[in-house]
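Asks: Quick one: the structure is below, questions incoming.
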Amino acid sequence: MPGAGALTLAHMAAGRLDGFWEAQIYPWDVAAGIVLVREAGGLLTPFGEDRGWSGAAPLMALAPALKEILSTSLPGASCWTGPLQGLR
């Protein structure tokens with residue numbers, strides 16, 4: 015991981031990484047990367063929907079092929095409710 019959220023998400027959108035997870039990250043650190051991942055067809059947890067875009071929030075982004083693997087491996091993770099329901 016390069017150390018910048020948006021850059022890491024750009025690498026993911028380009029197919030260089032399969033996923034990204036951050037326990038607490040600010041919207042200004044990932045906003046551009048979120049757009050890139052969505053446009054590339056990647057999956058994202060809803061970022062900031064419960065607290066707005068003003069504070070840090072957890073973020074998970076992944077390649078579509080990993081959704082099934084992670085939903086069975088990490089069903090209790092706090093970034094989503096249920097087996098990766100929040101990913102879209």
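If you're matching positions, the sequence shown starts at 15 in the working numbering and goes up one per residue. We put the CB at the ideal spot given by N, CA and C, even for glycine. Owing to the predicted nature of the structure, the values given are computational and were not obtained by experimental measurement.
Which residues in the same chain as Val49 place their Cβ atom closer than 6 Å to its Cβ, once the five residues preceding and following it in sequence are excluded?
Replies: If you number the sequence shown from 1, residue 49 lands on position 35. Hits under 6 Å: none found.
Asks: Which residues bound the alpha helix (DSSP H) around Leu23?
Replies: Along the sequence shown, one-based indexing puts residue 23 at 9. 19–27 is the span of the alpha helix (DSSP H), which, as asked, contains Leu23.
Asks: In whole angstroms, what is the alpha-carbon distance linking Leu73 and Ala54?
Replies: Position 59 of the sequence shown, counting from 1, holds the residue named residue 73. Position 40 of the sequence shown, counting from 1, holds the residue named residue 54. When rounded, the distance between both Cα atoms is 17 Å.
Asks: Between the Cα of Ala37 and the Cα atoms of Lys81, Ala77, Ala70, which residue gives the shortest distance?
Replies: Here residue 37 refers to the residue found at position 23 when the sequence shown is read from its first residue. Of Lys81, Ala77, Ala70, the residue nearest in Cα terms is Ala70.
Asks: Across which residues does DSSP place Leu57 in a beta bridge pair?
Replies: Here residue 57 refers to the residue found at position 43 of the sequence shown. Partner(s): Leu76.
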